[in-house]
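Heads up: the structure comes next, in structure tokens.
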Amino acid sequence: AQSVTQPDIHITVSEGASLELRCNYSYGATPYLFWYVQSPGQGLQLLLKYFSGDTLVQGIKGFEAEFKRSQSSFNLRKPSVHWSDAAEYFCAVGAQTNAGKSTFGDGTTLTVKP
Amino acid sequence: DAGITQSPRHKVTETGTPVTLRCHQTENHRYMYWYRQDPGHGLRLIHYSYGVKDTDKGEVSDGYSVSRSKTEDFLLTLESATSSQTSVYFCAISEFGGESSYNEQFFGPGTRLTVL
Chain A
303 AQSVTQPDIH ITVSEGASLE LRCNYSYGAT PYLFWYVQSP GQGLQLLLKY FSGDTLVQGI
363 KGFEAEFKRS QSSFNLRKPS VHWSDAAEYF CAVGAQTNAG KSTFGDGTTL TVKP
Chain B
37 DAGITQSPRH KVTETGTPVT LRCHQTENHR YMYWYRQDPG HGLRLIHYSY GVKDTDKGEV
97 SDGYSVSRSK TEDFLLTLES ATSSQTSVYF CAISEFGGES SYNEQFFGPG TRLTVL
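So the protein lines, in turn, are chains A and B.
No gaps in the numbering here: position 108 of the first sequence is 410 in our numbering, and each next residue is one more.
No gaps in the numbering here: position 44 of the second sequence is 80 in our numbering, and each next residue is one more.
Have a look at this one:
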């Protein structure tokens, strides 16, 4: 069975500082990996995705993530955080089979200090 | 933005009453999903559909049923609502297949359900 672990429940960074959100997954084959962002009171929005190829993927809003198969990780990064990045972030792993179901991590809440 | 709407957006009901939540899409996507979101639990899959009249259970399906009579509509029913079903419910859609498709999901805005 596939699973996702986001070790950090809550992270606080200062505006302008760099950010890294951790994600570890468990999946038997090559995974599809996603990062979603959820602003308060909103649905989830896709930030970026990894399917195959280049292990460093670029997403929207200046985010990037790196797939490391040896570490079963897909960490999300941003070089300089903006106050508007404060939100909850979810990592997810999906499968090409199994009706495309994705398994989500429990989320990391990002607070941005002025 | 993907065309996904959920109705109602907010609902307060009493224990023991039936409740139906509706998800409507205009994207003609094959796959539809219902999740619930609770603090500390992320998103948990309730039921999903892989086509008209084709549905299956997710990890937290007890107390819920679904129906999909048209591609665009996916209904979630709580036959007899309980306080433990107080949650935010999200619908999602997906379409994938072939080498260039990914099973990314597009989410609706959510329905906040309170069961008193």
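All C-beta atoms, glycine included, are put in the ideal place defined by N, C-alpha and C.
Query	Result
Taking a contact to mean a Cβ-Cβ separation below 9 Å, would you say residue 387 of chain A touches residue 359 of chain A in this structure?	no
With a threshold of 9 Å between beta carbons, is residue 63 of chain B in contact with chain A?	no
With a threshold of 9 Å between beta-carbons, can residue 80 of chain B be considered close to chain A, or not?	yes
For the 8 Å Cβ check, are there 3 or more pairs between the segment 107-123 of chain B and the segment 332-345 of chain A?	no
Beta carbon of residue 328 of chain A, beta carbon of residue 357 of chain A: below 9 Å?	no
Are the beta-carbon atoms belonging to residue 335 of chain A and residue 394 of chain A less than 9 Å from one another?	yes
What three-state label does DSSP hand residue 324 of chain A in the structure shown?	coil
Excluding the five sequence neighbours on either side, which residues of its own chain have a C-beta within less than 7 Å of the C-beta of residue 39 of chain B, listed in chain order?	61, 62 and 63
In the DSSP assignment, what residue or residues form a beta bridge with residue 103 of chain B?	B:111
Identify, in the order they occur along the chain, each residue of the same chain with its Cβ nearer than 8 Å to the Cβ of residue 96 of chain B, setting aside the five sequence neighbours on each side.	72, 80, 81 and 82
Going residue by residue through the segment 368-393 of chain A, where are the continuous beta strand (DSSP E) segments of at least 3 residues, counting only ones entirely within it?	375-380
Alpha carbon to alpha carbon, how far is residue 136 of chain B from residue 146 of chain B?	With a pLDDT of only 48 at residue 136 of chain B, under the threshold of 50, the placement of this residue in the model should not be trusted; the figure read from the coordinates follows. Straight-line Cα distance between these residues: approximately 29 Å.
For residue 114 of chain B, which residues in the same chain have their Cβ closer than 7 Å to its Cβ, ignoring the five residues on either side in sequence?	54, 55, 99, 100 and 121
Within 10 angstroms of the Cβ of residue 309 of chain A, are there 16 or more other Cβ atoms? Answer buried if so, exposed if not.	exposed
Mind checking which residues open and close the beta strand (DSSP E) that includes residue 404 of chain A?	404-406
Taking a Cβ distance cut-off of 7 Å, strictly less, list which residues of the segment 103-136 of chain B are near chain A, in chain order.	126, 130 and 132
So, with DSSP's three-state summary, where would you put residue 47 of chain B?	strand
To the nearest angstrom, how far is the alpha carbon of residue 408 of chain A from that of residue 396 of chain A?	15 Å
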